[in-house]
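With positions in the sequence shown counted from 1, the corresponding number in my numbering is that position plus 301.
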Amino acid sequence: MENKTGKLFVVSGPSGAGKTSVVAVALRRLQKEYDLSRIVTYTSRPPRENEVSGQDYIFVSGDEFHQKQKDGFFLETNVYNGRNYGSPWPEESELTQGKSYVLIVDIEGAKSVSKEFRDAIMIWIAPPDMTTLKKRLEKRATESVSQIEKRLTQAEEEMKEAHKIRLFGYVLVNDIFDQAVEELILLVRKALSE
C-alpha cells in the first residue's frame, strides 16, 4: 500500500475562541494514531505567562523575524496589535511521505495560506457568542480593558468576514470545550482516512 500525501489543516478563528486549546488537546490524542504535527508560529511579541518557546510560539526579536521574512522562511506573515507573526513552510518532503500538519492562524493568515495550498483543509473555530468571548478574554487576564475591547471589535469583524468569504469548509463552535475537541478529532480522522 502506497503512502498517502499528508494534509495541511488550517485552523482559524477570532482571538479568544479557544482554537489553540482545542487544537492542543485534539493533537495530543490524534498523534497516537497519525503522523501529525503542529506548525509552531514565530512571533516578535514577548511570551505571556506560562507560554513556552517552541511549544506555544517561537519567540524571536523583531530583527530576527524580519531577516527570516526576507529569506523567504515564512509561508505567511501578519502584523497583529503591532507584533509580527509568521508561519514557516511545512516540510514538502514530509508531506509527500504522508506527514500531516496543523497550522493555527488568524483570518488573514488563512487567506494567505489558502492561496499557496489550495487543498488545505480550512477550519473556523468560533465562540458561541460575543458575551462568552468577552468573558474568555477577561479570564486570560493578559490585556487591558481597552485591548480587550479592541480584540472584541476585531473578532466581530473577523466572524462577519469568515461568513461572507466562505473560505472555511468546516465551522466548529467552541461552546462546550470537550465537544469541540471531539468534533475536530472526527474531522481530522475523516480527512486523513480519505
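From the three backbone atoms N, C-alpha and C, an ideal C-beta is built for every residue, glycine too.
Next item on the list: For Ala-318, count neighbouring Cβ atoms within 10 angstroms of its own Cβ and tell me buried if that reaches 16, exposed if not.
Entry: It counts as buried.
Item checked: Inter-residue spacing [alpha-carbon to alpha-carbon] between Ser-445 and Ser-388 -> Near 27 Å, if we compare the C-alpha coordinates of Ser-388 and Ser-445.
Next item on the list: Kindly indicate the opening and closing residues of the alpha helix (DSSP H) around Leu-337.
Entry: Counting along the chain, Leu-337 falls outside any alpha helix (DSSP H), though it belongs to the beta strand (DSSP E) covering 337-340.
Notebook entry, point to check: With a cut-off of 8 Å, do at least 3 Cβ pairs link the region 362-375 to the region 394-403?
Noted result: They do not touch, by the three-pair rule.
Note to self: Using a Cβ distance threshold of 8 Å, determine whether the region 353-361 contacts the region 466-478, with at least three qualifying pairs required.
What the structure shows: No contact exists between the region 353-361 and the region 466-478.
Next item on the list: State the Cα-Cα distance for the pair Leu-448 and Ala-456, rounded to the nearest angstrom.
Entry: Residue identity check: residue 448 is Gln in the sequence provided, not Leu. For Gln-448 and Ala-456, the gap between their C-alpha atoms comes out near 12 Å.
Checklist line | contact_flag[the region 327-344, the region 418-434] where n(CB pairs < 8 Å) is 3 or more | finding: At 8 Å Cβ cutoff, the stretches do not touch.
Checklist line | Residue span of the alpha helix (DSSP H) that contains Leu-453, given as start and end | finding: 446-466 is the extent of the alpha helix (DSSP H) around Leu-453.
Notebook entry, point to check: Can the beta-carbon of Ser-316 be found less than 9 Å from the beta-carbon of Asp-430?
Noted result: Contact flag unset, no.
Next item on the list: Enumerate in chain order the residues of its own chain whose CB-to-CB distance from Lys-451 is below 8 Å, with the five nearest sequence positions on each side excluded.
Entry: Cβ within range, chain order: Asn-382.
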